[in-house]
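**Student:**
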């Protein structure tokens with residue numbers, strides 16, 4: 034209710050502040066007898082963790098996960114599955130700089146307005162660190178997806194004005210920016226490096242493709258599949274927009290162009306085009322689900338910016354420290370996790386119908 | 034759980050098929066002692082109803098609403114508030130054309146795949162007619178918003194390539210396309226008329242501005258204000274994308290440009306710019322909330338399109354009848370309704386904190 | 034959230050005041066392709082309706098139900114299923130007697146304390162009339178139970194000190210008090226008649242047996258099957274207690290006596306005794322589920338009672354009108370309905386595990 | 034959804050198996066700025082912990098709790114509040130005895146039927162150990178109750194046939210059985226001791242009184258205050274029944290006797306009697322809330338009992354180890370915790386109305 038839980042049947046509740054003792058997640062509704070090893074989770078966390086390349090923050094957090102419950106002899110038991118990640122890089126540092134000053138683009142001000150109290154050590158609950166729990170929980174969801182032959186692939190579609198022209202899934206993990214186009218990746222990396230040197234930051238677009246999603250997922254009214262995916266993905270702090278299939282481009286198309294005609298391909302009904310992005314009337318149609326999210330440039334920059342103190346005085350701030358000049362590469366596993374969690378929930382909900 | 038309910042505290046459950054006896058909504062969690070007259074609801078329904086202008090469908094549905102419970106002597110009582118709208122234009126027509134054929138762009142196929150049964154009389158539960166219940170419920174939510182001095186204004190920002198250059202709220206209801214720019218409105222109307230004559234349809238962008246939203250609404254993790262609004266708005270059948278503030282354009286901005294600097298304006302903390310669209314870290318910051326949704330061109334067009342029958346045979350279909358060539362003008366009140374419902378929920382949730 | 038919805042997957046939302054235009058229910062999560070006729074629902078409503086015998090209230094409410102949505106050609110469609118019952122016996126009567134006076138044992142006072150407003154025409158939302166919607170919704174749930182070969186049988190176990198000594202299910206509907214013992218029934222009827230003549234009322238115990246419940250229903254922690262049944266049954270206004278199996282008597286038994294030993298009966302595991310009442314660790318074990326609820330004597334009696342006015346003045350009240358001297362016979366179908374709704378939910382939830 | 038979460042606004046999710054690495058709880062919706070020290074929680078855990086007296090199990094579990102998040106500088110922050118308790122007494126023991134044999138009265142069989150997999154090390158998720166998390170979470174809820182001047186007092190009303198004749202709250206924690214009557218306590222302790230020596234176990238009744246509960250809590254239909262309390266309390270594994278106020282005794286009373294007449298006492302409306310137990314129409318009326326729960330005799334006894342193996346063979350079992358001969362004294366803090374959690378939720382929900 035206070036928004037730390039996601040999902041209806043396959044549910045995850047997360048907790049933890051960036052500079053408290055630990056962060057973690059409790060999954061409820063995970064079906065029993067699902068193979069699950071701690072390495073399945075650690076592998077995904079390693080894709081998100083800081084310090085993984087020269088274009089990410091150099092902060093060191095090993096993000097080692099421990100399974101506390103819900104798994105017995107390598108299989109899920111159907112009971113609550115708890116995951117714990119101890120915070121390591123929470124050294125007693127000097128927070129005086131940000132304790133009494135609102136960082137532009139951050140939740141410092143809105144948090145204080147909401148709760149009347151704020152854990153000023155870093156982002157607290159609003160820190161991007163919170164997404165590690167999503168990735169850990171998403172790794173469990175992915176095990177369910179594997180069982181249903183559903184695959185989620187996310188990648189960096191663009192950084193600022195540089196757009197991936199090719200879409201070769203095989204190279205995504207071959208470059209540190211996670212673009213599906215090696216040539217574009219090189220340009221993106223160079224641009225990010227330049228932004229870092231300029232004490233500035235860059236945004237971009239992350240695209241995701243869901244393969245093998247069975248038709249019938251999603252509900253026809255308020256819980257349309259795209260509505261649920263939008264909820265999950267827009268809840269990632271750095272995301273400012275989302276579109277499915279043709280998305281905003283569909284607003285400039287005629288109906289005769291945008292409608293995907295149905296064809297019978299060897300006994301299976303498919304659409305000739307996929308402007309709908311795999312979802313019709315809020316329900317998956319069996320085609321690839323395609324979506325894109327708008328990732329804003331990180332707010333933490335070391336340039337001097339105008340702001341106010343908690344007591345309202347005008348001041349300047351330079352957000353020092355080790356920040357990501359472009360968060361897109363690290364958002365990729367988070368996007369995959371939120372999609373996996375959403376689909377896991379839809380897959381289980383669909384079982385109540387048949 | 035099957036997706037016919039929206040909201041957590043201020044909740045609405047809707048029901049009804051386009052060609053069944055009635056549609057309706059039950060609101061739960063409406064605070065007591067809120068002034069409410071049936072005319073408050075009817076007024077909003079009239080803005081959404083078919084046949085309201087030459088550029089909408091000419092179907093006739095008076096959409097007269099009856100309050101069945103939850104209101105006593107002009108005030109809400111705090112108990113479940115039920116609204117009923119009888120279907121009038123459900124004349125026994127010949128459905129043979131669409132009974133066994135999947136209309137491109139519609140949910141016919143996905144519905145059948147999901148449930149194994151389909152009410153083939155029109156769109157059934159997937160019909161846009163369902164949004165009348167959202168508008169009726171949204172009218173109740175608006176009464177709560179008025180009490181909190183929050184105002185929601187939606188309008189047509191663009192139709193195909195024609196974009197409103199001005200944003201004069203005063204003229205929105207002065208033109209049948211609901212654009213905030215009379216000159217652009219004229220061009221939009223002409224283009225829609227042309228599409229109609231060509232048996233085609235047009236999409237567009239609807240923009241919404243929320244004024245007077247207090248800071249502190251929305252929760253920091255999964256139920257961010259933008260995530261909840263995205264859920265609600267993406268659940269409108271015709272919408273394919275959403276963005277807040279600078280949205281997708283933010284992906285091409287530097288952090289130093291996109292960050293909204295804080296300023297003290299006469300004792301109140303504001304931001305100099307509003308690229309964030311009024312939401313920081315998922316929590317309202319007191320600025321105007323600004324969002325845009327992508328509305329696809331309606332799928333029902335009388336042009337011949339390729340499709341398949343329910344038994345998989347290749348065929349052609351022309352979706353005849355009285356359809357909207359551009360749904361944007363009628364989506365405007367639905368967008369307002371979903372925003373009002375979402376904000377009403379957030380306002381009540383916020384009371385549990387203080 | 035305001036408590037007008039019950040269930041998680043198989044959900045029912047009810048609405049309506051006793052003297053408003055109508056009452057009704059919206060079911061969500063009803064699986065598609067379930068055979069359902071309006072007569073299935075009417076039959077159950079007729080078992081609950083007033084005026085059915087000389088020992089019930091003589092008020093006349095035909096309680097005719099209309100299906101508004103969710104059913105197509107005799108089958109459920111999987112969409113929201115709405116049921117409507119128009120109030121007929123809501124004639125403009127003189128409410129001055131109860132408008133400003135709190136009836137002892139009723140919710141008049143607590144309702145006003147809670148909401149600051151009260152629909153003083155009869156019980157409003159607190160009226161026992163609200164249970165008609167539960168019975169209607171329960172009739173839909175029963176169709177799902179029939180599909181799973183689960184049977185719910187409730188009956189009057191005792192009225193005041195008169196206890197049914199026999200338990201012959203065949204005679205329950207053969208006597209107007211709904212006892213499983215014809216001899217006891219006669220005595221109960223006589224006692225109720227006497228109470229009516231004395232302007233007084235009587236309580237009793239309603240017992241229910243669930244046959245054919247598969248093992249595995251219910252969840253091990255907060256949503257134990259008995260906890261969910263207790264929630265549902267205790268939400269019937271007139272019920273003050275509930276027990277399962279040996280219940281309170283188990284508090285005076287030794288563990289060696291109360292433990293039900295397991296036996297293998299022809300390949301099936303059963304228990305020799307059933308003190309647990311069919312539930313172990315919150316999960317059904319395949320034995321008959323047995324429970325009893327305590328039904329208080331109705332609060333509406335025509336005897337003079339001391340009370341206060343809404344402005345706090347001491348006064349006397351005689352609650353005139355046509356009231357039930359013992360509500361037990363009419364509670365029987367309500368108990369069955371709440372059990373059916375609870376089991377339907379558990380049956381669907383269980384599908385998400387396998 | 035899988036039942037590891039309790040509450041709607043003030044929510045708790047628990048996790049952990051009795052012999053896994055840890056158990057714990059995550060609270061969501063805890064209001065910010067509530068004073069909270071780890072000692073507040075530890076104090077309650079110490080009341081529940083094993084080995085506290087000669088009449089409880091001699092198992093040693095220090096149950097030391099760690100706060101992982103949601104508290105900053107001695108105050109709650111409004112974010113998810115996580116509590117962790119490491120299991121200490123989970124020494125590698127020989128489970129062969131219970132691995133393949135169903136213990137009578139336990140959830141071994143139903144668990145396996147439900148999930149098809151079972152953590153056979155002790156009770157796993159069905160262990161009474163799970164209630165430690167409830168007690169820890171309840172301690173947080175109690176801080177909210179203190180703020181609202183609400184007090185919850187539970188005690189042992191009876192053990193087998195020995196009933197506390199006096200009700201002196203001051204002596205409850207002065208005797209190891211937690212009875213409000215020192216003379217009865219002595220007899221209870223002797224009887225429990227005797228049962229232990231006989232390798233048997235005893236049940237009893239735990240009563241609870243809620244003082245200072247404001248009128249208006251609870252919702253009129255499905256979420257009546259008594260229904261919610263019944264759900265919470267019946268979800269404690271060992272409880273087989275619950276009653277409010279006169280409870281089952283009310284079934285033998287006349288309405289003229291059972292109705293609590295209203296009186297004006299110095300400007301406040303009270304009832305002369307309290308047969309209703311402080312709840313009218315599901316809403317608190319400002320009187321003391323009184324309830325009783327039936328606690329069954331523990332199922333783990335060292336006497337030989339008949340049972341079957343997981344493969345269906347008839348066998349004998351003696352459940353050895355260190356078990357509680359009567360769980361009532363340790364159930365007292367669990368009952369208080371579930372009541373505190375329920376009331377905390379109702380208090381916050383009530384804020385959404387005013």
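Protein chains in written order, with my numbering: chain S, 34 to 387; chain W, 34 to 387; chain G, 34 to 387; chain Y, 34 to 387.
Every residue, glycine too, gets a C-beta built ideally from N, C-alpha and C.
1) I need the straight-line Cα distance from residue 165/S to residue 109/S, nearest angstrom please.
2) For residue 194/S versus residue 285/W, is the C-beta distance shorter than 7 angstroms?
3) Could you give the C-beta distance for residue 222/S and residue 210/S, rounded to a whole number, given that I count them as a contact under 8 angstroms?
4) Does the structure place the segment 368-378 of chain W close enough to the segment 173-188 of chain W that three or more beta carbon pairs sit under 8 angstroms?
5) Should residue 54/S be flagged as near chain G, meaning a C-beta pair shorter than 7 angstroms?
6) The segment 277-296 of chain S: which residues have C-beta closer than 9 angstroms to a C-beta of chain W, in chain order?
7) Here's the rule: buried if 16 or more other CB atoms are within 10 angstroms of the residue's CB, otherwise exposed. What is residue 267/S?
8) Mind listing the chain G neighbours of residue 381/S? Cutoff is C-beta to C-beta under 7 angstroms, in chain order.
9) Could you check which residue in 114/Y, 111/Y, 274/Y, 146/Y has the C-alpha nearest to that of residue 326/G?
10) Of all the alpha helix (DSSP H) runs that stay within the bounds of the segment 288-338 of chain Y, which reach a length of 4 or more residues?
11) Please check if any C-beta of chain G sits within less than 7 angstroms of the C-beta of residue 179/S.
12) Does DSSP put residue 106/W in a helix, a strand or coil?
13) Less than 7 angstroms separating the beta-carbons of residue 95/W and residue 101/G?
14) Cβ closer than 8 angstroms: which chain G residues qualify as neighbours of residue 316/Y?
15) What are the residues in the segment 85-113 of chain G lying within 9 angstroms of chain S by C-beta distance?
16) What in chain G is Cβ-close to residue 62/S, meaning under 8 angstroms?
17) For residue 201/Y, count neighbouring Cβ atoms within 10 angstroms of its own Cβ and tell me buried if that reaches 16, exposed if not.
18) Considering only DSSP beta bridges, list what residue 349/W is partnered with.
19) Does any residue of chain W have a CB that is nearer than 7 angstroms to the CB of residue 312/Y?
20) Buried or exposed for residue 87/G, going by 16 or more other Cβ atoms inside 10 Å?
21) Does residue 42/Y get closer than 7 angstroms to chain W when you measure Cβ to Cβ?
22) For the segment 196-282 of chain S, which segments carrying the beta strand (DSSP E) assignment without a break, of at least 3 residues, lie completely within its bounds, in sequence order?
23) Counting only C-beta atoms, is residue 16/S closer than 7 angstroms to chain W at any point?
24) For residue 226/S, tell me which candidate among 359/S, 61/S, 367/S has the shortest Cα-Cα distance.
25) Residues of chain G with CB under 8 angstroms from residue 253/S, in chain order?
26) Note down, in chain order, each residue of its chain lying with its Cβ closer than 6 angstroms to the Cβ of residue 111/Y, except the 5 sequence neighbours on either side.
27) So who's on the other strand from residue 147/S, going by DSSP bridges?
28) Just curious, the alpha helix (DSSP H) that residue 375/Y is in, first and last residue?
29) Is residue 97/W helix, strand or coil when you go by DSSP?
30) With DSSP collapsed to three states, give me the class of residue 161/G.
31) Give, in chain order, every residue of the segment 327-339 of chain S whose Cβ lies closer than 7 angstroms to some Cβ of chain W.
32) For chain S, check one thing: does any of its Cβ atoms lie closer than 7 angstroms to the Cβ of residue 37/W?
33) Residue 158/S versus chain Y: which residues are under 9 angstroms apart at the beta carbon?
34) Return the first residue and the last residue of the beta strand (DSSP E) that residue 192/W is part of.
35) Which residues in the same chain as residue 46/W place their Cβ atom closer than 6 angstroms to its Cβ, once the five residues preceding and following it in sequence are excluded?
36) Closer than 9 angstroms, Cβ to Cβ, to anything on chain W: give me those residues from the segment 260-275 of chain S, in chain order.
**Tutor:** A quick look at the data gives this:
1) 21 angstroms
2) In this structure, residue 285/W lies closer than 7 angstroms to residue 194/S by Cβ.
3) About 5 angstroms; that satisfies the 8 angstroms criterion.
4) The count of Cβ pairs closer than 8 angstroms, one atom from the segment 173-188 of chain W and one from the segment 368-378 of chain W, reaches three, so the stretches are in contact.
5) no
6) 277, 278, 279, 280, 281, 282, 283, 284, 285, 286, 287, 288, 289, 290, 291, 292, 293, 294, 295, 296
7) buried
8) Chain G residues near residue 381/S: 385.
9) 274/Y
10) 288-291
11) no
12) In the displayed model, residue 106/W falls within coil according to three-state DSSP, outside both helix and strand.
13) no
14) 140, 143, 144, 146, 147
15) 111, 112, 113
16) 385
17) exposed
18) 339/W
19) no
20) exposed
21) yes
22) 237-244, 272-277
23) The structure shown does not extend to residue 16/S, since chain S is modelled only from 34 to 387, so the question has no answer here.
24) 359/S
25) The contacting residues are 112.
26) 65
27) None, per the DSSP bridge assignment.
28) 361-384
29) coil
30) helix
31) 327, 328, 329, 330, 331, 332, 334, 336, 338, 339
32) yes
33) 102, 103, 110, 111, 112, 113
34) 184-192
35) Around residue 46/W: 37, 38, 59.
36) From the segment 260-275 of chain S, only 260, 261, 262, 263, 264, 265, 266, 267, 268, 269, 270, 272, 273, 274, 275 have a Cβ closer than 9 angstroms to chain W.
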